[in-house]
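Engineer:
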Amino acid sequence: MKLKTIAIISASIMALLIVIFVLSKDKTEENKTLYFSFPMEGALFPKDFTAPTFYWEDKKGANSWEITVNVLGKKELIKKTSSDNQWKPSKEEWDLMKKKSQFRNIELLVRRKQNDQPDNSEIGKLKIKISTDEVAAPIVYRQIPLPFSYAEANIDKTSYSIIDMTSPEPFYNVLGSFKVCGNCHSFSADGNSIALDFDAVSRDKGGYFIANVIPETQFNRNNYISWSKMTNRNTFGLLSRISWNGRYVATTVKDRVVSKKVDGLQSLPYSQLFFPVNGVIAIYDTLTKEVKELPGANDPNFVQSNAVWTPDDKYIIFARAKALPFPKNEKTYDCFVRDETLINNYLQEKEELKFDLYIVPFNDGKGGEAKPIKGASGNGKSNYFPTVSPDGKWLVFCQASNFMMLRPDSRLYILPIEGGKAKKLECNFQDMNSWHAWSPNGKWLVYVSKALDIYTDMYLTHIDEKGNASTPVLIENAKRQNCAINYPEFINKKTDYQFTMNYSYVNIMDIEDAISAGKREEAEAMLEKYISQKIEMPVEFHEVGRMKELLGHKDEAKQYYQKAVEMDKEFSKKE
């Protein structure tokens, strides 16, 4: 990985690592002029992980360095010379290091070379280790440019990718260049079903797809559902998640959010404030095609969101906080808080909102009494993003001072699923730790952090039988330049599994683009397909009317406009 071509780790980032990874360095190292900057001291790599890149800092400078690798009972297993301050073992060298170390410490030494000879006056040292546990599955995740205002205006620059951590090859794009906002995705335990949140912009923020994972996975009218249409009101369907057995989806309906994009260079790392203030948990059954609120998690006095399933699908864990009352002059079906003064107060944290984690029986959709989880509630903090280990033993969640999503002070905590004393995981960095997911074998946790730069990177940490986290490792070659990573999810497939996702659902923007390009016949065909996708909402009828008008069908346009007004008089102002 070349420093000048890959934005993941640049020379400036390496300097930043000195500060960020100070927790891994003892006081005696602070005065050194030659030291390893990456990986971190004591980093634990999965047994099947590809060779990492080793970086070092040299404040005195040199033209070349000698790197030696020592393992149990074998000094100088490998000796190399590098003209750059980095070294990446070949596959053969990395395999040798893994084999000869017998899962014990691997020591790396770096020396300056003077007159072609190693200088022993100062030696940089690093110890790492290989785990006996494999990661054994690839990760699917989203890449999005920053700031969010730019991402929203350039939706086609967002993509979904898959990465095989056992291979030196970079990520593979599963889906890109789509024109709608794609958000959370989740997989069934067997990796055979995917559920994905795909908004349809102004048309429907509640768009959602549930599809079979095949080499060419299709998102089309046959596997599209709309939370808005199914609940007869505008809704996001925030933070939805498919059950482990793939039959159900837990979602948030009747939701309303605080959403504020923040521009400017200083705000680039955290360029959006976004969290729900209203909402209830509902369950969609893929067999009956019905969505029903879940008793115990549908109290309108609270915002209930961010629901996840226990591995046996018998319980649902969700985040809960006091709901924000609807003002009398505000539409109760509006998905957004419109009070700018209130929004700015949230932005400055003059107004607070702290979530607690609750657990409720699923009970075949009948629900039950929701109970707070001890250690993840009533602690004066905001607790959110729960994830349960595949064996049902551990609960890992985020904790921050306030709100949910994209919090600078977000830290990962772990506690037994039955509740207890929460422990801050040892893998936390200084800047945002979030969007975490368990590997299918329950041995590893992937998460993202802004430790390296203003964007996010993915890390892996090992969770042992006592709930301890290992020193994390960076997943290299995982992102495009100037993109943040979020929503990482393991898919229970072989590590080299690849598939593509094809979004063939027609949106108004597709039709507008065709009209603008003078492709009238194509636009006419797409409009008919759009109508055949079962339009039901007033905004849909209005948009069809607008397209008909652009295509010169004024009489037909008038009929669609009229239908929109009959359904919602607000549309009389838009004609």
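In my numbering, the protein residues as written are -1 to 573.
All residues carry an ideal CB built from backbone N, CA and C; glycine is no exception.
All values reported here derive from a predicted model rather than from experimental measurement.
Do you know whose CA, among Ser224, Leu548, Asn500, lies nearest Glu534's CA?
Structural biologist: Start at 1 with the first residue of the sequence shown, and residue 534 comes out as number 536. Glu534 has its Cα closest to that of Ser224, out of Ser224, Leu548, Asn500.
Engineer: Which whole-angstrom value describes the C-beta separation of Pro388 and Gly465, a residue pair presumed to lie in contact below a C-beta threshold of 8 Å?
Structural biologist: Start at 1 with the first residue of the sequence shown, and residue 388 comes out as number 390. Start at 1 with the first residue of the sequence shown, and residue 465 comes out as number 467. That belief does not hold up - the Cβ atoms of Pro388 and Gly465 are roughly 14 Å apart, past 8 Å.
Engineer: For Val172, does the three-state DSSP call read helix, strand or coil?
Structural biologist: Within the sequence shown, residue 172 is the residue found at index 174, counting from 1. Val172: strand per DSSP, three-state reduction.
Engineer: Whole angstroms are fine: how far does the CA of Leu70 sit from the CA of Gln100?
Structural biologist: What you label residue 100 is simply residue 102 of the sequence shown in a count that begins at 1. What you label residue 70 is simply residue 72 of the sequence shown in a count that begins at 1. Computed Cα separation, rounded: 8 Å.
Engineer: Give me the residue from Phe569, Thr250, Thr454, Asn83 with the minimum Cα distance to Asn276.
Structural biologist: As a working note, residue 276 is residue 278 in the sequence shown. Out of Phe569, Thr250, Thr454, Asn83, Thr250 has the C-alpha closest to the C-alpha of Asn276.
Engineer: Report, in whole angstroms, the separation of the C-beta atoms of Gly245 and Asp332, which I expect to be a contact under 8 Å.
Structural biologist: Residue numbering aside, residue 245 sits at position 247 when the sequence shown is read from its first letter. Residue numbering aside, residue 332 sits at position 334 when the sequence shown is read from its first letter. Rather than Gly, the amino acid found at residue 245 in this sequence is Arg. Not really, about 32 Å apart at Cβ, beyond 8 Å.
Engineer: Hey, how far is the Cα of Asn500 from the Cα of Lys203?
Structural biologist: Taking the sequence shown and counting its residues from 1, one reaches residue 500 at position 502. Taking the sequence shown and counting its residues from 1, one reaches residue 203 at position 205. Each residue's Cα considered, the two are about 20 Å apart.
Engineer: In whole angstroms, give me the CA-to-CA distance for Lys369 and Trp307.
Structural biologist: Position 371 of the sequence shown holds residue 369. Position 309 of the sequence shown holds residue 307. Taking the straight line joining both Cα atoms gives about 15 Å.
Engineer: If we ignore side chains and look at the alpha-carbon of each, how far apart do Leu266 and Gln560 end up?
Structural biologist: Position 268 of the sequence shown, counting from 1, holds the residue named residue 266. Position 562 of the sequence shown, counting from 1, holds the residue named residue 560. Rounded to the nearest angstrom, the two C-alpha atoms are 43 Å apart.
Engineer: Whole angstroms is fine: what's the gap from Phe577's alpha carbon to Leu340's?
Structural biologist: There is no way to answer for residue 577, as the model of the chain reaches only from -1 to 573.
Engineer: Hey, quick one: how far does the alpha helix (DSSP H) through Lys561 stretch, first residue to last?
Structural biologist: Here residue 561 is taken as the residue at index 563 of the sequence shown, counted from 1. Segment 552 to 565, the alpha helix (DSSP H) holding Lys561.
Engineer: Roughly how many angstroms separate the alpha carbons of Ser226 and Val289, rounded to a whole number?
Structural biologist: As a position in the sequence shown, residue 226 is number 228, starting the count at 1. As a position in the sequence shown, residue 289 is number 291, starting the count at 1. Those two C-alpha atoms are separated by around 11 Å.
Engineer: Check Gln397 in the structure and name its three-state DSSP category.
Structural biologist: Within the sequence shown, residue 397 is the residue found at index 399, counting from 1. DSSP places Gln397 in strand when its eight states are reduced to three.
Engineer: Under the rule that 16 or more other beta-carbon atoms within 10 Å means buried, what is Lys25, buried or exposed?
Structural biologist: Within the sequence shown, residue 25 is the residue found at index 27, counting from 1. The predicted position of Lys25 is uncertain, since its pLDDT is 46 and thus under 50; no value can be drawn from it.
Engineer: Helix, strand or coil for Met403? Go by DSSP, reduced to three states.
Structural biologist: As a working note, residue 403 is residue 405 in the sequence shown. If DSSP states are grouped into helix, strand and coil, Met403 belongs with coil.
Engineer: What did DSSP end up calling Met499 once you bin it into helix, strand or coil?
Structural biologist: Numbered from 1 along the sequence shown, position 501 holds the residue referred to as residue 499. DSSP places Met499 in strand when its eight states are reduced to three.
Engineer: How would you write the range of the beta strand (DSSP E) that Pro384 sits in, first residue to last?
Structural biologist: On the sequence shown, position 386 is the one that residue 384 refers to. Note, Pro384: beta strand (DSSP E), 380 to 386.
Engineer: Can a CB atom of chain D be found closer than 8 Å to the CB of Cys396?
Structural biologist: The structure shown contains no chain D; it holds only a single protein chain.
Engineer: Measuring only the C-alpha atoms, how far is Arg518 from Ala512?
Structural biologist: Counting from 1 along the sequence shown, the entry for residue 518 is found at position 520. Counting from 1 along the sequence shown, the entry for residue 512 is found at position 514. Cα to Cα, Arg518 sits roughly 7 Å from Ala512.
Engineer: Check for me: the beta strand (DSSP E) holding Ala219 runs from which residue to which?
Structural biologist: To locate residue 219, count along the sequence shown from 1; it is residue 221. One detail in the question is off: residue 219 reads as Arg in this sequence, not Ala. Careful: Arg219 lies outside any beta strand (DSSP E) and carries neither H nor E.
Engineer: For the structure I just gave you, are there three or more beta carbon pairs, one from the segment 388 to 398 and one from the segment 409 to 424, closer than 8 Å?
Structural biologist: Flag = yes, the segment 388 to 398 and the segment 409 to 424 touch.
Engineer: The alpha helix (DSSP H) that contains Val542, what's its start and end?
Structural biologist: The residue you call residue 542 lines up with position 544 of the sequence shown. Start and end: 536 to 548.
Engineer: Taking Asp195 as the reference, give the member of Phe217, Ala187, Ser375 with the closest Cα.
Structural biologist: Here the question's residue 195 lines up with position 197 in the sequence shown. For the residues Phe217, Ala187, Ser375, the minimum Cα distance to Asp195 belongs to Phe217.
Engineer: Assuming Glu520 is part of the alpha helix (DSSP H), what are its boundary residues?
Structural biologist: Counting from one through the sequence shown, the residue named residue 520 turns up at place 522. Looking at the DSSP string, the run of the alpha helix (DSSP H) that includes Glu520 is 518 to 530.
Engineer: How long is the line joining the alpha carbons of Met545 and Glu510, rounded to whole angstroms?
Structural biologist: Residue mapping note: residue 545 aligns to position 547 of the sequence shown, counting from 1. Residue mapping note: residue 510 aligns to position 512 of the sequence shown, counting from 1. Cα to Cα, the separation comes out at about 7 Å.
Engineer: Note the first and the last residue of the continuous alpha helix (DSSP H) segment covering Asp332.
Structural biologist: The residue given as residue 332 occupies position 334 in the sequence shown. Neither: Asp332 is in no alpha helix (DSSP H) and is coded neither H nor E.
Engineer: Any idea what DSSP makes of Glu105, helix, strand or coil?
Structural biologist: Within the sequence shown, the letter at position 107 stands for residue 105. Note: Glu105 maps to strand in three-state DSSP.
Engineer: Run through DSSP, which three-state label would Ser624 get?
Structural biologist: Coverage of the chain is limited to positions -1 through 573, which leaves residue 624 absent and any answer about it impossible.
Engineer: Rounded to whole angstroms, how far is the Cβ of Tyr56 from the Cβ of Arg110, which I believe are closer than 8 Å?
Structural biologist: Taking the sequence shown and counting its residues from 1, one reaches residue 56 at position 58. Taking the sequence shown and counting its residues from 1, one reaches residue 110 at position 112. It is worth fixing the name first, because residue 56 is Asp in this sequence and not Tyr. Indeed they touch by this definition, with Cβ atoms about 7 Å apart.
Engineer: Do you know whose CA, among Pro136, Phe272, Asn29, lies nearest Lys491's CA?
Structural biologist: By 1-based counting over the sequence shown, the position of residue 491 is 493. Out of Pro136, Phe272, Asn29, Pro136 has the C-alpha closest to the C-alpha of Lys491.
Engineer: Compute the beta-carbon to beta-carbon distance between Ile279 and Ile314, rounded to the nearest angstrom, for a pair I have assumed lies under 8 Å.
Structural biologist: Taking the sequence shown and counting its residues from 1, one reaches residue 279 at position 281. Taking the sequence shown and counting its residues from 1, one reaches residue 314 at position 316. About 7 Å; that satisfies the 8 Å criterion.
Engineer: Among the residues of its own chain, which have a CB less than 7 Å from the CB of Ala521, if the five just before and after it don't count?
Structural biologist: The residue you call residue 521 lines up with position 523 of the sequence shown. Correct list, in chain order: Ile509, Ala512, Ile513, Leu549.
Engineer: Could you say which of Leu525, Asp566, Lys532 lies nearest to Ala555 if we only look at CA atoms?
Structural biologist: Within the sequence shown, the letter at position 557 stands for residue 555. Minimum Cα distance to Ala555 is reached at Leu525.
Engineer: Taking Lys421 as the reference, give the member of Gly373, Leu443, Thr48, Phe383 with the closest Cα.
Structural biologist: Translated into the one-based positions of the sequence shown, residue 421 becomes position 423. Comparing Cα positions, the closest option is Gly373.
Engineer: Helix or strand or just coil, what does DSSP make of Gly180?
Structural biologist: Here residue 180 refers to the residue found at position 182 when the sequence shown is read from its first residue. The answer is strand: DSSP assigns Gly180 an E or B state.
Engineer: Rounded to the nearest angstrom, what separates Lys258 and Lys252 at their Cα positions?
Structural biologist: For the purposes of this step, residue 258 is taken as the residue at position 260 of the sequence shown. For the purposes of this step, residue 252 is taken as the residue at position 254 of the sequence shown. Roughly 20 Å between the two C-alpha positions.
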